[in-house]
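Chemist: Per the numbering used here, the sequence shown starts with residue -12, numbered consecutively.
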Amino acid sequence: TIESIHIIGDLSYADGSTQIWDKYMDMIEPFASRIPTMVAVGNHEYDYTRGDGSKKDGSGIKTNETFHPSWGGSGFHDEGGECGVPFAKRFAAPNNGNSIFWYSFEQSLVHTIMLSSEHNMTRGSAQYKFLEADLSGINRTITPWVVVELHRPMYNSEKYATQDAIGIAMRYEIEELLHLHHVDLVLSGHYHAYLRSCDGLYQEKCSNGGPQHVTVGTGGAPLDCDVQLFPNHYTKKFDEDHFGVGRVTIYNASALLFEFVALGEEVVDDFWILRQRN
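See the structure below:
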């Protein structure tokens, strides 16, 4: 039984085209009308470079452009001027964060936190304060598993200097929080490939008390074929050859199974996360 479906950013690739959004919603309706479909915002739903500082931004940010830190370089650029509006008008989320842009929810034994990699998450920002408060308030006897989802990955191995800089900066801002509160799993997309890190990843060291990081960006856009990878010790599996989805099965408070399922139901990669709970 499928309990929920998570789409972690870059949903329709409409880039400002209402017609494509309509076609996308028609495409997902058979499952989204029956199964809770939880979404995160990606760059294609939100990023813009020109605005007038008014209330047109779907997330309520009153600036002339989206979050463009100096370390982001060209990684944050205009994506058709949607400003998050079509995304926010088509999906709903629990009212405990900032609408559909960052929020959390609980299902069975899992507490899931959806973040926006497109918004400010530096220390002291509204999103950082939300994450800090939400992590602090989790009852691990009720939801022992904690999963964080955001569109851009904190760890990857594809050789894109600008994108890698963004991942490093996000680690600088929030990785300590994830480590402190014993987050189990971080799920992302953005790169059009599959990647699994080692478990316990923290400060680029495996078995160091951090979560396991998984990128599943293989849901339909062209794959990142023949990309160059930079050497690192934390990447345990990389796949650029298969379209597919991630499947998570929670067996109990201590055992989680993750499977990368390619088209045709072939399980290309699988791994267990095992935890000793107090």
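Just so you know, even glycine gets a beta-carbon here, dropped at the ideal spot from N, CA and C.
Is the beta carbon of Gly204 less than 8 Å from the beta carbon of His179?
Modeler: Closer than 8 Å, so yes.
Chemist: Where do the ends of the alpha helix (DSSP H) carrying Gln150 lie?
Modeler: Residues 148 to 167.
Chemist: Can you tell me the Cα-Cα spacing of Pro17 and Val235, whole angstroms?
Modeler: Spanning the two alpha carbons is a distance of roughly 21 Å.
Chemist: Taking 8 Å as the cut-off, decide whether the C-beta atoms of His106 and Gly(-4) are in contact.
Modeler: No; because the gap between Cβ atoms is not below 8 Å, this pair is not in contact.
Chemist: Thr205 by DSSP, collapsed to three states: which one?
Modeler: Here Thr205 sits in coil by DSSP.
Chemist: Using a 10 Å radius around the Cβ and a threshold of 16 neighbouring Cβ atoms, would you call Ile153 buried or exposed?
Modeler: The residue in question, Ile153, is buried, as its Cβ has 16 or more Cβ neighbours within 10 Å.
Chemist: If you run the structure through DSSP and keep just helix, strand and coil, what is Thr5?
Modeler: Helix, per DSSP.
Chemist: Could you check where the beta strand (DSSP E) with Phe225 kicks off and where it finishes?
Modeler: Where Phe225 is concerned, the enclosing beta strand (DSSP E) stretches over 222 to 226.
Chemist: For the alpha helix (DSSP H) that Arg110 lies in, which residues bound it at each end?
Modeler: That residue, Arg110, is in no alpha helix (DSSP H); it is neither H nor E in DSSP.
Chemist: Below 8 Å on the Cβ atoms is my contact criterion, and I expect His200 with Tyr142 to pass it. Report the Cβ-Cβ distance as a whole number of Å.
Modeler: The pair is a contact, with the Cβ atoms about 5 Å apart (cut-off 8 Å).
Chemist: Hey, out of Arg264, Glu69, Leu96, whose CA is closest to Ile237's CA?
Modeler: That would be Leu96, whose Cα lies nearest to the Cα of Ile237.
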